[in-house]
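Each remark here refers to the structure printed beneath this line.
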Amino acid sequence: MKKLTIIVTFLVTLLLVTPFVFASSGAPTMIEGASIRTSGEQGLRFYANLENEAVTSQGFYLVYGETSVVNLQTAISNAVEDNVMLNGKKVFKVEVENREPNGDFSVVLTGIPEVGYLDKITAIAYGVVDNAEIFVSAGTTRSIGEVAYNMIKANDYNQVALDILESIDINHRALVSTHWETYEESSAIFETDPLILKTQFINDWNAKFGTTLTDLIGTAFHTSAIVGKTDQAAQGSMTNLTGMRIYAFFKDELYSLKWGWLLDYIIKYGSGIIHPARQAVALKGDGTNNNQILYDASHFNYSLVNFFNMSNQTGGYEPINFTLPGSKARYQDVVNFNNTIPKMLSIYNLSKIGDSVALPQDLSKDGYTFNQSFTEGTNVHTISYILTGQGKVLEPNFTIVNYNISYLDGAEEVLPNDLYNINQSLTLPTYEKPDHIFEGWFDNPSFTGSPVTSISMGTTGNKVFYAKTSLLDDPVITSLISQLPTHIMNDYVLPNAEGVTWQLKAGQDTTLYNVETGKLLRFPGESTLLTVVLNKGSISQDVVLRFGIADPTKTQYYYNADANSVAQTGGTFTTQQNKSGFGGYTIIVGTKQYFIGYRSHISLSGTTANEIMTISQLRPYGLGGANNYNLGLLTGGIPATNSRGYGVLYENTGNVPVQFDLRETYGRADSGYAGYGKFILKPEGNGQYKVSALLPNHTGGLMVTLNQGELLWAPHTWEVAGTYLYQPGATKGVLLVNSIIKIETFKMDFTD
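Below, the structure written as C-alpha cells:
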C-alpha cells in the first residue's frame, strides 16, 4: 500500500496510569488547526502550548475518531492492563521531549496509509506537574484529508497536499449536473464547471495584478493580459511573450501549480488551429517557441475566455470555439486535467465508488415534463444510482409538452384548435367572416399591441388568440351611422333604410329609450351610454348611443351658486340638480355649454300685435320685492331673496310681437334701474341667435318690444357668481354684442 512517505512510525509509547487534573491553572492549550509536514517524513502535525515552569514532561494522547477530554479521562481511569480504549480502538500516548522557548510543542503522525486519509484523529495535550497530568480543556480533531483540503482552499499550495487530495479522489466520485443537461460521474473533489472555475480565475488574476475584473470579456481580458509585453515587434511578428501579465501569471509559484493544467488543456485542444496551442507551449516554457510567430498570445487569451464562458469570442482571431453542444466532449475531459482546484464541499461527505446516491426528482426544462427517470446506456435509473467510477453519463428523460392554441371571435371559437411545442414554429391561420375584414389575431380581447402572425420556436404555454375584424364599407350602414347625433336629449327616431332594423342590445337598460318608437323614457342625466344593434342582412353591428344633456364636444358650465363661481369651476351636474335644477334649455357659446335653472324659461304669447304683458304674466311664480336680487327660479320655482346667480330666459312663442315694462320682469330691478343687464337675443335660424346690445338703464319705465321668436335674457346682479353669460366690457362674460350663440331644448316632461 502506498504511504505518504517513508514507513509508518505510528505512536509506540506505552500508557502509564498516572493521576491527572482536568484543565487546571497552568494546563496546556491546543493551538488551533493542524498541518501537514512536507519536509522529511511527511505526516499530520498537531500543536500545543505549555508555559508552566513546574511541568516536568509533556505530550499528547492520540485517539482515533472524535472524543472529549472528559471521555479520555474516563477511559484512562478504566484502563485494562495499561490499555486505554476509546471508540473501540487503543489510545496512544506520546511524550514530547522538549518545548520551544515560547512553550510550543507538537507531534507528527507519519506513515498514514491512503485508506486512512479521511480518518479523524483527536490530539489532546497534557503536561505533568508533581506526578499529576494536567489536560487541555478540549482537543483538536482533524484528518489528513481535511487538513490537505483546507490548505488548498486557502491557496496554501504544496504537492504533498495535492497528492493527498488526488489519492482520496481516486476512490470517490460525484454525480454532477452539466451545462449540457446530463448528470455525469466526475471528480468528487476537483471542480469541472467552467463558470465556477472562472470565478476563481478572476479572483486569482485580480489578486496577482491588482486589477478589478468582474467578468472575462474577450477584448477587456486580452488588453489586461498583454500589459508589460517586452517584444516590441508588430503583433504579426512577435516571437516572445515574456513580460506580459499572462506569462507572469503562469510562471507565478502559486498560480503555475494551481492553473498550469490549463496550458496542457489548451495545447491538446488548440493544436488543430495551431496558434492557441503554440502560444500555450511558449507560456509553459520560456515565453518563446522555436522562434515561431506568437502574435501577442491573442489566440490563447481568447481561447481562455471562451473556455470559461462556453463561448466563441474571436476578437478578429481564431481561438478555440467552446460553444455547446459542440464542445461537450472537451468539457467532459476537464476532469482529466484539473487536479489542483477543489470544489466547495465537506471532505467527510464524499461518496465512495460503489455508494448509492439519490437522483433528483424535480428537474425542470422549458417545454417539457420530467419523467423522474434517467437513461445510462441501456439502463434506466429512477430513484438512485450506484457510482461506478467509470465516468458514466445519465440522460434525464423528458417528455415534450404539446400546447393548445384557441382561436376566438368574441367569446366564440371560430377555428379548430392547433397544437404546438417548444421545438416548432407556427404561422397562424387566416380567418374569414362574412361582410368583415380580418385585421389579425391578438393575444388579448382588447386588441392592444400588435397583431400576432406566428409562434416562434422556443415559445411555451397555451395560447388564446382573438380575431379583430371590421365591417366592410357598406354605404347604407355608413350613411345611417353618420346621421346619428353626438348626444340625444329629446325623443329621437333612429334613421332607417330598406332592410335595416334596430334593436336594443341584450343586457342594456330598457328604462331609458324605446328603440322602436324613438321615445326618451326618462331624464337622461348628464351622460349615459346605450348600445343598440343595427341589423342589415347578415351584418349585425353594435352602435353606441350617447344620451344626456352634456354635449361631448363642449365644456359644461353648471350653476354653482355664490360660493363657487361657475366661471372658475364649471360647477357639476349634481350641484345644479340640487341647487337650481334644469329648465330644459341649454345655451351654447363657442365651446362652452350653460344650462338655465328649473322654470327659468318663461313663455310669452299675445293675441294681438304689441299686446302689453302684465306683471303676472312676466312673474308667474311670484312677484318678489322691488329690491330683491331675484334669482326667481330655484328648484320648485320659488323666488329667492338676496341671491345671485341665474337669470331668466323669456321667449315670445306667439305669432305677434308683445310689449312689456322692463321693470316688471324677473332679474335685478333695484337702484332705480329698469334694464339692469338685460338684452334681447334675435333668432338667426337653426337654433342660433345674435346677441343684441345691452338695453339701457334708467329710472323711469322702459317699454320693450319682443318680436315673435325673440328671447330676453334677464340676469341677476351682472351674474357676478352665476353663469357669467354677460358682463359689460366682456371681462368675464361670454355673450358679446353681435356674437352668435345657440340655444337648444331638452326633454323634461315624461308624464306621457
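When we follow the working numbering, the leftmost residue of the sequence shown carries the number 18, and every step to the right adds one. Positions of the beta carbon are idealized from the N, C-alpha and C atoms, including for glycine.
Below 8 Å, enough C-beta pairs join the region 258–272 and the region 233–244 to call them touching: three or more. The region 162–179 makes no contact with the region 318–331; the number of CB pairs closer than 8 Å stays below 3. The beta carbons of A205 and S368 sit closer together than 8 Å.
Note that the C-beta distance between L192 and E202 is below 8 Å. Every alpha helix (DSSP H) of 4 residues or more that sits fully in the region 191–271 is shown, in chain order, as 211–226, 235–242 and 262–268.
Within the DSSP secondary-structure output, Q520 pairs in a beta bridge with V550. Taking a cut-off of 8 Å on C-beta distances, the region 499–516 touches the region 564–575, as three or more cross pairs fall below it. Only exposed fits Q407, as fewer than 16 other CB atoms lie within 10 angstroms of its CB. Around the beta carbon of R539, a 10 Å sphere encloses fewer than 16 other beta carbons of the protein chains shown; the residue is thus reported as exposed. For E68, there is no enclosing alpha helix (DSSP H), as DSSP marks it with neither H nor E. Annotated as proximal: G76 and V111, with beta-carbon spacing under 8 Å. Taking the Cα of I604 as reference, the smallest distance to any Cα among K596, T624, Y575 and K225 is reached at Y575. A Cβ-Cβ contact shorter than 8 Å links N356 with L179.
Around the C-beta of G384, 16 or more other C-beta atoms lie within 10 Å, and the residue is accordingly described as buried. The three-state reading of DSSP puts K485 in strand, counting E and B together. Between L529 and V549, the C-beta spacing is not below 8 Å. Remark: fewer than three beta-carbon pairs, one from each stretch, lie closer than 8 Å, so the region 374–384 and the region 170–177 are not flagged as touching. DSSP places P674 in the coil class of the three-state scheme, outside both helix and strand. Residues of the same chain with a CB within less than 7 Å of the CB of N188, apart from the 5 flanking positions on each side, are K369 and I370 in chain order.
DSSP places D281 inside the alpha helix (DSSP H), whose first and last residues are W278 to G287.
Taking each of L621, T199, V132 and T139 in turn and checking the Cα distance to I185, the smallest one comes out for V132. About 5 Å separates the beta carbon of K759 from that of G704, a gap short enough to meet the 8 Å contact definition. Residue pairing of N396 in beta bridges, as defined by DSSP: E393.
In summary, E70 is exposed, with fewer than 16 beta-carbon neighbours lying within 10 Å of its beta-carbon over all protein chains present.
Looking at the DSSP output, Y348 bridges to nothing. For F540, no alpha helix (DSSP H) run applies, since DSSP gives it neither H nor E. Within a 10 Å sphere around the beta-carbon of Q330 sit 16 or more other beta-carbons, which makes this residue buried. Boundaries of the alpha helix (DSSP H) around R295: H292 to K301.
Within 10 angstroms of the beta-carbon of K699 lie fewer than 16 other beta-carbons, which makes it exposed. Sixteen is the threshold: since fewer than 16 other Cβ atoms of the shown chains lie within 10 Å of the Cβ of M361, the residue is exposed. Exclusion of the five residues before and after G718 leaves D678, L679, R680 and A691 as the residues of its chain whose Cβ lies within less than 8 Å of its Cβ. A Cβ-Cβ distance of about 11 Å is found for the pair R616 and Y602, leaving them out of contact under the 8 Å criterion.
Ranked by Cα distance from L752, the options F767, E727 and I697 are led by I697.
For N326, the three-state secondary structure derived from DSSP is helix.
With distances taken between CA atoms, Q558 lies nearest to L497 out of F482, L497 and I400. It is roughly 15 Å from the alpha-carbon of Q725 to the alpha-carbon of H618.
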